[in-house]
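K.L.:
Have a look at this one before I ask anything.
Protein chains: 2
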Amino acid sequence: MSLIVQKYGGTSVGTIERIEAVADKVKGFRDAGHDIVVVVSAMSGETNRLIALAKDITDTPSNREMDVLVSTGEQVTIALLAIALQKRGCDARSYTGAQVKILTDDAYSKARIQDIDNHRMRADLDAGRVVVVAGFQGVDPEGNITTLGRGGSDTTAVALAAALKADECQIYTDVDGVYTTDPRVEPHARRLDKITFEEMLEMASQGSKVLQIRSVEFAGKYKVPLRVLSSFQDGEGTLITLEEDDDMEKPVVSGIAFNRDEAKVTILNIPDHPGIAYRILGPISEANIEVDVIVQNFSEDGSTSLSFTVHRNDMKKAADILAKVAQELGAKSTVTDDRIAKLAIVGVGMRSHAGVAAKMFKALADENINIQMISTSEIKITVVIEEKYLELAVRTLHAAFELEESPRVE
Amino acid sequence: MSLIVQKYGGTSVGTIERIEAVADKVKGFRDAGHDIVVVVSAMSGETNRLIALAKDITDTPSNREMDVLVSTGEQVTIALLAIALQKRGCDARSYTGAQVKILTDDAYSKARIQDIDNHRMRADLDAGRVVVVAGFQGVDPEGNITTLGRGGSDTTAVALAAALKADECQIYTDVDGVYTTDPRVEPHARRLDKITFEEMLEMASQGSKVLQIRSVEFAGKYKVPLRVLSSFQDGEGTLITLEEDDDMEKPVVSGIAFNRDEAKVTILNIPDHPGIAYRILGPISEANIEVDVIVQNFSEDGSTSLSFTVHRNDMKKAADILAKVAQELGAKSTVTDDRIAKLAIVGVGMRSHAGVAAKMFKALADENINIQMISTSEIKITVVIEEKYLELAVRTLHAAFELEESPRVE
Chain A
1 MSLIVQKYGG
11 TSVGTIERIE
21 AVADKVKGFR
31 DAGHDIVVVV
41 SAMSGETNRL
51 IALAKDITDT
61 PSNREMDVLV
71 STGEQVTIAL
81 LAIALQKRGC
91 DARSYTGAQV
101 KILTDDAYSK
111 ARIQDIDNHR
121 MRADLDAGRV
131 VVVAGFQGVD
141 PEGNITTLGR
151 GGSDTTAVAL
161 AAALKADECQ
171 IYTDVDGVYT
181 TDPRVEPHAR
191 RLDKITFEEM
201 LEMASQGSKV
211 LQIRSVEFAG
221 KYKVPLRVLS
231 SFQDGEGTLI
241 TLEEDDDMEK
251 PVVSGIAFNR
261 DEAKVTILNI
271 PDHPGIAYRI
281 LGPISEANIE
291 VDVIVQNFSE
301 DGSTSLSFTV
311 HRNDMKKAAD
321 ILAKVAQELG
331 AKSTVTDDRI
341 AKLAIVGVGM
351 RSHAGVAAKM
361 FKALADENIN
371 IQMISTSEIK
381 ITVVIEEKYL
391 ELAVRTLHAA
401 FELEESPRVE
Chain B
1001 MSLIVQKYGG
1011 TSVGTIERIE
1021 AVADKVKGFR
1031 DAGHDIVVVV
1041 SAMSGETNRL
1051 IALAKDITDT
1061 PSNREMDVLV
1071 STGEQVTIAL
1081 LAIALQKRGC
1091 DARSYTGAQV
1101 KILTDDAYSK
1111 ARIQDIDNHR
1121 MRADLDAGRV
1131 VVVAGFQGVD
1141 PEGNITTLGR
1151 GGSDTTAVAL
1161 AAALKADECQ
1171 IYTDVDGVYT
1181 TDPRVEPHAR
1191 RLDKITFEEM
1201 LEMASQGSKV
1211 LQIRSVEFAG
1221 KYKVPLRVLS
1231 SFQDGEGTLI
1241 TLEEDDDMEK
1251 PVVSGIAFNR
1261 DEAKVTILNI
1271 PDHPGIAYRI
1281 LGPISEANIE
1291 VDVIVQNFSE
1301 DGSTSLSFTV
1311 HRNDMKKAAD
1321 ILAKVAQELG
1331 AKSTVTDDRI
1341 AKLAIVGVGM
1351 RSHAGVAAKM
1361 FKALADENIN
1371 IQMISTSEIK
1381 ITVVIEEKYL
1391 ELAVRTLHAA
1401 FELEESPRVE
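Sequence lines, in order, name chains A and B.
Take 1 as the starting number for the first sequence in our numbering and just add one per residue.
Take 1001 as the starting number for the second sequence in our numbering and just add one per residue.
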């Protein structure tokens, strides 16, 4: 018998029928002897409906009141799921974030969890009850309702699992696990049985949308075994663990992540002296624009150029800021490009394998795909390429690193 | 400058436009220098929508979870009203019942208020904020969400007014005050400028639906001046006060209340000896059937008969119980009649005026309306008549006691 925290997202509880299906699933785990804490999101569409009501009044509602408003979405789901469990003879009790209580800071709409009181949950579990908790929400030290921001229900589940020292935290979603890459781009993509937290974080930060980054960080920090699996079909899903396999057969690369959300901004012919990067990127950062990949060219004649990627929505704003900076620096010009894509191969195996980058670059070169920017970390190699080559590049690398071949030995 | 607690019901906040109209009204009071606490219900239809979701799962959801579920209705409204007030430059803050906190017992779905903490509200009022509170809900000593039952928002408003020692509690509704009788039956019905708590209670208990009985009791107990007025049109409404007018011109009868909700049950030819009423009504009460008017006939030959009224929905259940009792007592038979109506004239002036009953009975007799049952209290005379005569009886008495004539002098 083990203690499992399960999280079901908005799609999984989107209708009464689906809530009943979740209740069946939970009852199955209870009947198998497990203690269960369930975290649920708002029924799909509900959060947007609530936001639309507020937007009918004003485009700039206060964050405090928005949190009071949208937190009702999960509150509806916890009550309905508890009712569905009770109907099945499964004793259950629902709690809002404030009731648990999940203590957060007072940063409305993007609060961070500071502490979780596990006493009430513990008492209910000891009494044989299923505990149903509203995801995504908490309460600040003053008793105000807060929310963790979109996707925060994953974080709630992981935080509860950490607070209860649960044996596993299961995130039920509409996919059946983490794949080597997006199956819509590469039909031969393969579900991974296991992936490390580090790899998962790199995959997520590169655009793999299966889990919220914060929840993975949290799980890694508190060593909570995390499993991603499907609400709608049976299966083992993907386990996200601390341990690396030391199996010899372990592939070097675990997965390929990519996104089309970014744009490239370049400032040409800037004087090559200390502090120049800061003079350029400082104003960008002050404007709250997040910068991702940054590349500075080799200086040839005392002048250089600097390229970086930002979210496409921020491209114009960044270019406007750079135009001013360029004038101050006597730089030649700035160039923007939103027809790029970012692509990364990820794998803890890279640490102990040489030649991974060379293999990646050769595979792309063989298909005449030009690499515009390169950025590397210990377990990841990121390249920026022209957007139109993205699908070809993903399939090429998926094949080159034999991700679809034989199932990973574990 | 005074402190006013205002309550707006579901119809008054039924759409975003109406919530904005309420915000305009509240801002008007703020601009006039008053401190305002607003209590709101769920948007009309919302509570029923939530109940329907639960009923899709089971017909017997637990009361605890139903309270978690339906309390979200008011929570949505408080956030939206606070947002609408802020948009008007009116600083505002919303609170759920638990946040205030409104402490209740743990009788889910029909909890009773035990205590109200006024500190947070006081601090906000002192800071110049409008305080927006969710009606109908509270929290038990264990931190579980409770609701006060339907219509409980009126009670919340009165209780907050008592806790804050407010100068007035204003209940905004879809009628513009308390009338001498239902204007749909008697077009000449007149709005009362004032009515005493006692009269209001008797009117409410006889079917006048303007205010919840509990809220009137509460207001009377804590001496909270209560005013009923329209959300949709300007006017002074009706003030419900402790003081009786000692004006000589004061009419004897203030209003006529009636309802069609009851049925009459009679048990014939029962032995006339002590304890017989208990042997009949005891089993009825044990079955949780509420009995209203009770009349026992004059005994002629050592046997008597007993009639009483119950809610029409309980008639069959009551008759079944009586059938058994009748057998035990050797009574002749039981008779039921659901074609009755109950009608009452109410007025504190009756205390000092003789002949009111006689005048009432004569007026009805003049129209050939037979009186089946009579029950009197200090400020009320109730009769049960055949249902088909109800409208005629109301209009006859309204005219007989000159309720439509000249406006009441105050």
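Every residue gets a Cβ at the ideal spot worked out from N, C-alpha and C, and that includes glycine.
Computed from a predicted model, the values in this text were never measured in an experiment.
Could you tell me which of A:Val130, A:Asp320, A:Asn297 sits nearest to Ala287 of chain A, measuring between CA atoms?
P.N.:
What you label residue 287 of chain A is simply residue 287 of the first sequence in a count that begins at 1. Checked all of A:Val130, A:Asp320, A:Asn297; the closest Cα to Ala287 of chain A is A:Asp320.
K.L.:
For Leu69 of chain A, decide whether its Cβ has a neighbour in chain B, counting only Cβ atoms nearer than 8 Å.
P.N.:
Indexing the first sequence from 1 puts residue 69 of chain A at position 69. Yes, its Cβ sits closer than 8 Å to a Cβ of chain B.
K.L.:
Using a Cβ-Cβ cutoff of less than 7 Å, which residues in the same chain neighbour Val415 of chain A once the five nearest sequence positions on both sides are dropped?
P.N.:
Only positions 1 to 410 of chain A appear in this structure, which leaves residue 415 of chain A out of reach.
K.L.:
Can you name the residues of chain B whose CB is closer than 7 Å to the CB of Gly143 of chain A?
P.N.:
The count along the first sequence starts at 1 and reaches residue 143 of chain A at position 143. Here the neighbours are Gln1099.
K.L.:
Residues of chain B with a CB under 8 Å from the CB of Gln415 of chain A: which are they?
P.N.:
Residue 415 of chain A lies beyond the stretch modelled for chain A, which goes from 1 to 410, so this question has no answer here.
K.L.:
Would you kindly work out how many angstroms separate the C-alpha atoms of Gln1114 of chain B and Arg1122 of chain B, rounded to a whole number?
P.N.:
Position 114 of the second sequence, counted from the first residue, corresponds to residue 1114 of chain B. Position 122 of the second sequence, counted from the first residue, corresponds to residue 1122 of chain B. Cα to Cα, Gln1114 of chain B sits roughly 19 Å from Arg1122 of chain B.
K.L.:
Check whether chain A comes within 8 Å of Lys1110 of chain B, counting only Cβ atoms and requiring the distance to be less than that.
P.N.:
For the purposes of this step, residue 1110 of chain B is taken as the residue at position 110 of the second sequence. Lys1110 of chain B does not count as touching chain A.
K.L.:
For the alpha helix (DSSP H) that contains Met360 of chain A, what are its first and last residues?
P.N.:
Residue mapping note: residue 360 of chain A aligns to position 360 of the first sequence, counting from 1. Run containing Met360 of chain A: 356-366, per the alpha helix (DSSP H) assignment.
K.L.:
Taking contact to mean at least 3 C-beta pairs separated by less than 8 Å, is the stretch 306-316 of chain A in contact with the stretch 360-370 of chain A?
P.N.:
Too few Cβ pairs lie closer than 8 Å, so no.
K.L.:
Could you check the C-alpha separation between Glu262 of chain A and Thr309 of chain A for me, to the nearest Å?
P.N.:
Counted from its first residue, the first sequence places residue 262 of chain A at position 262. Counted from its first residue, the first sequence places residue 309 of chain A at position 309. Cα-Cα distance, rounded: 6 Å.
K.L.:
Check Asn118 of chain A in the structure and name its three-state DSSP category.
P.N.:
Here residue 118 of chain A corresponds to residue number 118 of the first sequence, with the count starting at 1. Reduced to three states, the DSSP call for Asn118 of chain A is coil.
K.L.:
Going straight from the alpha carbon of Lys223 of chain A to that of Ile340 of chain A, what length do you get?
P.N.:
Start at 1 with the first residue of the first sequence, and residue 223 of chain A comes out as number 223. Start at 1 with the first residue of the first sequence, and residue 340 of chain A comes out as number 340. The straight-line gap from Cα to Cα measures roughly 36 Å.
K.L.:
Flag Leu80 of chain A as yes if its beta-carbon sits less than 8 Å from any beta-carbon of chain B, otherwise no.
P.N.:
For this step, residue 80 of chain A is matched to residue 80 along the first sequence. It does; some Cβ of chain B falls within 8 Å.
K.L.:
Quick one: Cα of Gln1137 of chain B to Cα of Ile1102 of chain B, how far?
P.N.:
As a first step, residue 1137 of chain B must be located in the second sequence, where it is residue number 137. As a first step, residue 1102 of chain B must be located in the second sequence, where it is residue number 102. So the two alpha carbons sit approximately 8 Å from each other.
K.L.:
Going by C-alpha to C-alpha distance, which of B:Thr1011, B:Glu1386, B:Thr1156 sits closest to Glu1217 of chain B?
P.N.:
Mapped onto the second sequence, residue 1217 of chain B falls at position 217. Nearest of B:Thr1011, B:Glu1386, B:Thr1156 to Glu1217 of chain B, Cα basis: B:Thr1156.
K.L.:
What are the residues of the stretch 1359-1387 of chain B that lie near chain A, defined by any Cβ-Cβ distance shorter than 7 Å?
P.N.:
Taking 7 Å as the Cβ-Cβ cut-off against chain A, none of the residues of the stretch 1359-1387 of chain B qualify.
K.L.:
Output, in chain order, the set of chain B residues within a Cβ distance shorter than 7 Å of Thr58 of chain A.
P.N.:
In the first sequence, residue 58 of chain A corresponds to position 58, counting from 1. Residues of chain B passing the Cβ test: Ile1083, Lys1087.
K.L.:
Ignore the nearest five residues each way along the sequence and tell me which others in Ser1153 of chain B's own chain have a CB closer than 8 Å to its CB.
P.N.:
Indexing the second sequence from 1 puts residue 1153 of chain B at position 153. Counting only Cβ-Cβ distances below 8 Å, and skipping sequence neighbours, we find Lys1007, Gly1009, Val1039, Val1040, Ser1041, Glu1074, Gly1135, Phe1136.
K.L.:
Determine the contact status of Asp174 of chain A and Thr238 of chain A, defining contact as a CB-CB distance below 8 Å.
P.N.:
Start at 1 with the first residue of the first sequence, and residue 174 of chain A comes out as number 174. Start at 1 with the first residue of the first sequence, and residue 238 of chain A comes out as number 238. No. Outside cutoff.
K.L.:
Would you be able to state if there are at least three C-beta pairs under 8 Å between the stretch 1084-1098 of chain B and the stretch 1052-1063 of chain B?
P.N.:
Segments in contact, no.
K.L.:
Residues in its own chain within less than 6 Å of Glu1020 of chain B by CB, not counting five upstream and five downstream?
P.N.:
For the purposes of this step, residue 1020 of chain B is taken as the residue at position 20 of the second sequence. The residues are Ala1084.
K.L.:
Does the count of Cβ pairs from the stretch 345-353 of chain A and the stretch 373-383 of chain A closer than 8 Å reach three?
P.N.:
Contact holds: three or more Cβ-Cβ distances are below 8 Å.
K.L.:
When we look at the beta-carbon of Phe1232 of chain B and count the other beta-carbons within 10 Å, is it buried (16 or more) or exposed?
P.N.:
Counting from one through the second sequence, the residue named residue 1232 of chain B turns up at place 232. Under this definition Phe1232 of chain B is an exposed residue.
K.L.:
Please list the terminal residues of the continuous beta strand (DSSP E) segment that includes Phe308 of chain A.
P.N.:
The residue you call residue 308 of chain A lines up with position 308 of the first sequence. Run containing Phe308 of chain A: 303-311, per the beta strand (DSSP E) assignment.
K.L.:
Answer with yes or no whether the minimum CB distance from Lys1054 of chain B to chain A is below 8 Å.
P.N.:
Locating residue 1054 of chain B in the second sequence gives position 54, where the first residue counts as 1. Position check: residue 1054 of chain B holds Ala in this sequence, whereas Lys was assumed. Interface residue, yes.
K.L.:
Give a yes or no on whether 8 Å exceeds the smallest Cβ distance from Ile345 of chain A to chain B.
P.N.:
Here residue 345 of chain A refers to the residue found at position 345 of the first sequence. It does not; no Cβ of chain B falls within 8 Å.
K.L.:
Please state whether DSSP places Tyr1389 of chain B in a helix, a strand or coil.
P.N.:
Along the second sequence, read from residue 1 onward, the residue named residue 1389 of chain B stands at position 389. Here Tyr1389 of chain B sits in helix by DSSP.
K.L.:
Between Leu125 of chain A and chain B, is there a C-beta pair that is closer than 8 Å?
P.N.:
On the first sequence, residue 125 of chain A is found 125 positions in, with the first residue counted as 1. No, its Cβ sits nowhere closer than 8 Å to a Cβ of chain B.
K.L.:
Determine, for Ser215 of chain A, whether the minimum Cβ-Cβ distance to residues of chain B falls below 8 Å.
P.N.:
Locating residue 215 of chain A in the first sequence gives position 215, counting from the first residue. No, its Cβ sits nowhere closer than 8 Å to a Cβ of chain B.
K.L.:
Extract the residue ranges of the alpha helix (DSSP H) inside the stretch 1020-1095 of chain B, only unbroken runs of 4 or more that lie entirely within it.
P.N.:
Whole alpha helix (DSSP H) segments, 4+ residues: 1046-1057, 1063-1087.
K.L.:
Would Met203 of chain A pass as a contact of Ala257 of chain A if the rule is Cβ separation under 8 Å?
P.N.:
Within the first sequence, the letter at position 203 stands for residue 203 of chain A. Within the first sequence, the letter at position 257 stands for residue 257 of chain A. It is a contact, given that the beta carbons lie within the stated cut-off.
K.L.:
How would you call Gly177 of chain A, buried or exposed, if buried means at least 16 neighbouring beta carbons within 10 angstroms?
P.N.:
Residue 177 of chain A sits at position 177 when you count from the first residue of the first sequence. Counting Cβ neighbours within 10 Å, Gly177 of chain A comes out buried, since at least 16 surround it.
K.L.:
Within a Cβ cutoff of 7 Å, which residues of the same chain sit near Pro283 of chain A, ignoring the five residues on either side of it in sequence?
P.N.:
Here residue 283 of chain A refers to the residue found at position 283 when the first sequence is read from its first residue. Hits under 7 Å: Ile321, Val325.
K.L.:
Could you confirm whether any beta carbon from chain A is found closer than 8 Å to the beta carbon of Ser1012 of chain B?
P.N.:
Residue 1012 of chain B sits at position 12 when you count from the first residue of the second sequence. Chain A, which has no Cβ nearer than 8 Å to the Cβ of Ser1012 of chain B, makes this no.
K.L.:
Could you tell me which of A:Gly302, A:Gly255, A:Leu242 sits nearest to Asn269 of chain A, measuring between CA atoms?
P.N.:
On the first sequence, position 269 is the one that residue 269 of chain A refers to. Of the listed residues, the one whose Cα sits closest to Asn269 of chain A is A:Gly302.
K.L.:
Please state the DSSP three-state secondary structure of Ile1195 of chain B.
P.N.:
Translated into the one-based positions of the second sequence, residue 1195 of chain B becomes position 195. Three-state result, Ile1195 of chain B: strand.
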